[in-house]
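Please read the structure below before turning to the comments.
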Amino acid sequence: MRQAGRYLPEYREIRAQADGFLDLCYTPDRAARVTLQPIERFRPDAAILFSDILVIPDAIGQEVGFVEGTGPVLTPVTSGADLAKFDPGKTLDHLAPVFETVSRVRAELPDDVALIGFAGAPWTVATYMVEGGSSRDFNAIKSWAVRERADFAAMMDILVASTTDYLVAQVEAGAQALQLFDTWAGAVPANDFDDWVISPTARIVAGVKARQPDVPIIGFARGIGDRLEGYIRGTGVDAVGLDASMTATEAAAKIQPICPVQGNLDPAYLMVGGEEMERAAREILDGLGKGPFVFNLAHGIHKDTPFSHVERLAEIVREWSPNS
Ligand code: CP3
Numbered sequence: 002m003r004q005a006g007r008y009l010p011e012y013r014e015i016r017a018q019a020d021g022f023l024d025l026c027y028t029p030d031r032a033a034r035v036t037l038q039p040i041e042r043f044r045p046d047a048a049i050l051f052s053d054i055l056v057i058p059d060a061i062g063q064e065v066g067f068v069e070g071t072g073p074v075l076t077p078v079t080s081g082a083d084l085a086k087f088d089p090g091k092t093l094d095h096l097a098p099v100f101e102t103v104s105r106v107r108a109e110l111p112d113d114v115a116l117i118g119f120a121g122a123p124w125t126v127a128t129y130m131v132e133g134g135s136s137r138d139f140n141a142i143k144s145w146a147v148r149e150r151a152d153f154a155a156m157m158d159i160l161v162a163s164t165t166d167y168l169v170a171q172v173e174a175g176a177q178a179l180q181l182f183d184t185w186a187g188a189v190p191a192n193d194f195d196d197w198v199i200s201p202t203a204r205i206v207a208g209v210k211a212r213q214p215d216v217p218i219i220g221f222a223r224g225i226g227d228r229l230e231g232y233i234r235g236t237g238v239d240a241v242g243l244d245a246s247m248t249a250t251e252a253a254a255k256i257q258p259i260c261p262v263q264g265n266l267d268p269a270y271l272m273v274g275g276e277e278m279e280r281a282a283r284e285i286l287d288g289l290g291k292g293p294f295v296f297n298l299a300h301g302i303h304k305d306t307p308f309s310h311v312e313r314l315a316e317i318v319r320e321w322s323p324n325s
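Residues in the sequence shown are numbered from 2 upward in steps of one, following this note's numbering.
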């Protein structure tokens, strides 16, 4: 989950020099520096590329902006006719600066720190494209996807093609693992779950593996509860990120026997720090640390989190051992 971001003073400094958030994503020198800042400060075992899931709509031809205090703002897709504007063929040229960032970061990272690339999964990216930004109820996208099934499927095809190219190029530039964020998967109606979540993700996984067979892919489908096992089997991801709704004991019993897991400290504990954070972190480490496991947050870090808490958490994780 977020490593860089507004909770770090050194991030805010570079962010202020950039001409907006997307400019920061597309300026390799600055994007590489903000990718490396949390690595220097906290020494985790892996770095996540600094970019955003919304560079894909931007690359294929949608207007995307980030407004202070509001978040992402996109000119919304309202009909199938709008799809004619989108060209997945533009992805690689438009996102060339991101690949440059990946190469620079890989060159500067210590050999034993892995670099994780990422993209948004098609459903989650589509929610921003149709809602025009963040949403509470996803009414616009859900009603459009149900009413105009063929148009929605055509939009998913565009996103699958563009995202596959984007991820393969990240691996070619030096990313050693990939993560697909399906943050809003939990909003999908159960009867549409296969078509809107599993199938587009499975096509991306297969498309990436056809060209980069060895790269591990982590799927993060937030809020899907009992459908997680079906998601793992149906998509072919190598590992999954867990949201905060599952205890470590449950995940060790149900999910770890199928694949490695990543997670899942609720970012609220990181915000609070102290003994509560320590207890919650140890519970996760004791529950999952004996199997294939990546310690992480369950979701993105909050901007008001004191970085001293992050420092302490990194220490707790590093000092933990299966016999402690
Ligand atoms: O180290 C890192 O931070 C990794 C890079 C990263 C960002 N966004 C940078 C970012 C990653 C992996 C993401 C993923 C992302 N972006 C997701 C999926 C994961 C999740 O958080 O659920 C989603 C849904 C987005 C879309 C997005 N980007 C939103 C809704 C916002 C606004 C949020 C806000 O707090 O205003 C962003 C902006 C964004 N992306 C920031 C960062 C560091 C904050 C922007 C800023 O500096 O102004």
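Even for Gly, the Cβ is constructed at its ideal location relative to N, Cα and C.
Does DSSP put residue i in a helix, a strand or coil?
| i | result |
| --- | --- |
| D30 | helix |
| I159 | helix |
| V189 | coil |
| D183 | strand |
| I285 | helix |
| N297 | strand |
| A178 | strand |
| P201 | helix |
| I57 | helix |
| A254 | helix |
| Q263 | strand |
| I40 | helix |
| V35 | helix |
| A245 | coil |
| G226 | helix |
| A207 | helix |
| A170 | helix |
| G81 | helix |
| A146 | helix |
| A154 | helix |
If I'm right that residue i touches residue j with Cβ under 8 angstroms, what's the distance once you round it to whole angstroms?
| i | j | result |
| --- | --- | --- |
| Y8 | K304 | 5 angstroms |
| P268 | H300 | 6 angstroms |
| M157 | P89 | Contact flag wrong, Cβ pair sits at about 12 angstroms. |
| G134 | P73 | 5 angstroms |
| F221 | V241 | 7 angstroms |
| G224 | D239 | G224 to D239, Cβ: 21 angstroms. No contact. |
| T165 | A203 | Between A203 and T165 the Cβ distance is about 12 angstroms, and since that is not below 8 angstroms, they are no contact. |
| I219 | Q263 | 6 angstroms |
| A155 | G81 | 7 angstroms |
Please indicate yes or no: does the CB of residue i lie closer than 7 angstroms to some heavy atom of the ligand CP3?
| i | result |
| --- | --- |
| G301 | yes |
| D53 | yes |
| T125 | yes |
| I285 | no |
| K291 | no |
| T184 | yes |
| I219 | no |
| Q263 | no |
| Q4 | yes |
| R137 | no |
| G121 | yes |
| R16 | yes |
| R7 | yes |
| G72 | yes |
| K210 | no |
| F67 | yes |
| I225 | no |
| F22 | yes |
| I328 | In the structure displayed, the chain extends from 2 to 325; residue 328 sits before or after that span and is not available. |
| I40 | no |
Measure the CB-CB distance between residue i and residue j and report whether it falls below 8 angstroms.
| i | j | result |
| --- | --- | --- |
| I142 | E149 | no |
| I117 | Q180 | yes |
| V161 | P123 | yes |
| E109 | A33 | yes |
| V189 | W197 | yes |
| L96 | A127 | no |
| W185 | F139 | yes |
| S104 | G187 | no |
| P58 | V65 | yes |
| A315 | R13 | no |
| I317 | A282 | yes |
| V1 | V99 | Residue 1 lies beyond the stretch modelled for the chain, which goes from 2 to 325, so this question has no answer here. |
| D152 | L75 | no |
Grab the span of the alpha helix (DSSP H) containing residue i for me, first residue to last.
| i | result |
| --- | --- |
| I15 | P10 to Q18 |
| G235 | L229 to T236 |
| L271 | P268 to V273 |
| F139 | First-last for F139: undefined, no H or E at that position. |
| A48 | No alpha helix (DSSP H) contains A48, which is instead part of the beta strand (DSSP E) from A47 to I49. |
| A315 | F308 to E320 |
| A127 | P123 to E132 |
What are the boundary residues of the beta strand (DSSP E) that residue i is part of?
| i | result |
| --- | --- |
| F100 | Looking at the DSSP string, F100 is not in any beta strand (DSSP E); the run it does join, the alpha helix (DSSP H), is A97 to E109. |
| P73 | G72 to L75 |
| I218 | I218 to A222 |
| F87 | Unbroken run through F87: none, as it is neither H nor E. |
| A240 | A240 to G242 |
| V68 | V65 to V68 |
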